[in-house]
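Quick notes on the structure that follows.
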Amino acid sequence: MYFCVDDKISRMKFDTLKYKNIDKSSIEFFNEKEKFSLLYLENNSDETEYTKYTLNGNYIQLYFSLQDKIKVAFNMEHCAIYLSPEDSGLIYFKDDTMNVLFELPAASKMLGLLIPVSFFHSLFASEGDYFFNFENIKGGRPVIEEKVIAPSLKIVLNQIVAKKLHGALQSLYIKGKIYELLSLYFNTSEETESDHCPFMANEETVAQIKKAKDIIIENMANPPSLEELSKTVGLNIKKLKMGFKEFYGAPVFTFLLNYKLEHSKKLLEENKLNVSEVALQIGYSNSSHFIAAFKKKFGITPKQFTKQDHN
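All you need for our numbering is the position in the sequence shown, starting with 1, plus 311.
Structure below.
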């Protein structure tokens, strides 16, 4: 979702006291001079964080939410895109200087890819107009495009953040992943819209991984063991563990724990069940264990959460 009521964004202002102007080195995950910068933000606190990043020059900007719904604004707070983990946003504004404003709720994280326009154009020199409307850029008109993230692209995003190599190998790995990300992002073939994953053996494997996810969610109160799950979906334990983490960005039961706690928030918001009943519904026989897990993830107790205004 995108909102912007004034095209003259460079003249607008924002609440400078709200947004932190942090050191760029703490937000730039990777920087290849004159080619691209990769930004990574993670909010590990229990409150919404506001961060400002200043751009000098014209860039194609790509933003991805890795967890929870985020807001990215441009020079003014109401000129913004709102992205869930299922969405991405491609942005271009012809501004020599721009403040990008990030609003991240508790326990959220995101990636941003910034590419100088000249380098971006060189990547698609032969078929630039096919992949992207460069006429808008030449005319100085804003470009705001949002699209659903394909499963194969989600895997690359998770690999960028999770994979750790030594020294120069890490730099080489990230550069390769950025090119891979761009090729998948701008791929318009039917394959992009499917669940095909180039990092797994075949379509059947992907289907088995997704089936495993559906099974543990359906049985969240009493999930099968990893061995039982692997037999049910027809994958050996090693392939199940590796494939699940590649596809969903977390081990099987870490994913399930996060899902259960997120689900518990929805149940509490509905205000039909008390804390003990919610705990039982998601698989906690001891409500104190549920309360401790909930507080560890969200920074507040379930009871405190129910007292908040969720409108």
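Where is the CB? At the ideal position from N, CA and C, for every residue including glycine.
When the five nearest sequence neighbours on each side are left out, the beta carbons in the same chain lying within less than 6 Å of the beta carbon of Phe-566 are those of Tyr-559, in order along the chain. The alpha-carbon of Pro-427 is positioned some 25 Å away from that of Tyr-361. The beta carbons of Lys-405 and Lys-363 sit about 20 Å from each other, so the pair does not count as a contact at 8 Å. For His-389, the uninterrupted beta strand (DSSP E) run begins and ends at 387-394, by DSSP. Note on the region 516-599: whole alpha helix (DSSP H) runs with a minimum of 4 residues are 537-544, 548-559, 563-581 and 586-592, in chain order.
Approximately 27 Å separates the beta-carbon atoms of Ile-593 and Met-553; this is outside 8 Å, ruling out the contact. At a Cβ-Cβ threshold of 9 Å, Leu-434 and Val-467 do not count as neighbours. Between the region 521-528 and the region 537-552 there are three or more C-beta pairs closer than 8 Å, enough to call the two in contact. Taken atom to atom, the span from the alpha-carbon of Ala-518 to that of Leu-551 is near 11 Å.
For Leu-425 against Gln-372, the beta-carbon gap comes to about 6 Å, under 8 Å, which counts as contact.
Within the same chain, Ile-338, Thr-362, Phe-413, Leu-415, Lys-420 and Met-421 come within 7 Å of Leu-352 by CB-CB distance, once the 5 residues on both sides are set aside.
Put simply, the backbone Cα of Leu-366 is about 16 Å away from that of Ala-391. Distances from the alpha-carbon of Ser-587 to those of Asp-398, Lys-344 and His-600 put His-600 closest. Of the other Cβ atoms in all chains shown, fewer than 16 fall within 10 Å of the Cβ of Val-459; this residue is therefore exposed. Of the other Cβ atoms in all chains shown, 16 or more fall within 10 Å of the Cβ of Tyr-370; this residue is therefore buried. Just so you know, the alpha carbons of Gly-610 and Phe-616 end up roughly 10 Å apart. Of all alpha-carbon atoms in Lys-607, Glu-515, Gln-619 and Phe-375, the one lying nearest the alpha-carbon of Ile-471 is that of Phe-375. Spatial neighbours of Phe-430 in its own chain (CB-CB distance under 8 Å, excluding positions within 5 residues in sequence) are listed in chain order as Glu-345, Lys-346 and Phe-347.
Closest option to Asn-354, judged by alpha-carbon separation, among Lys-608, Ala-561, Pro-562 and Ile-485: Lys-608.
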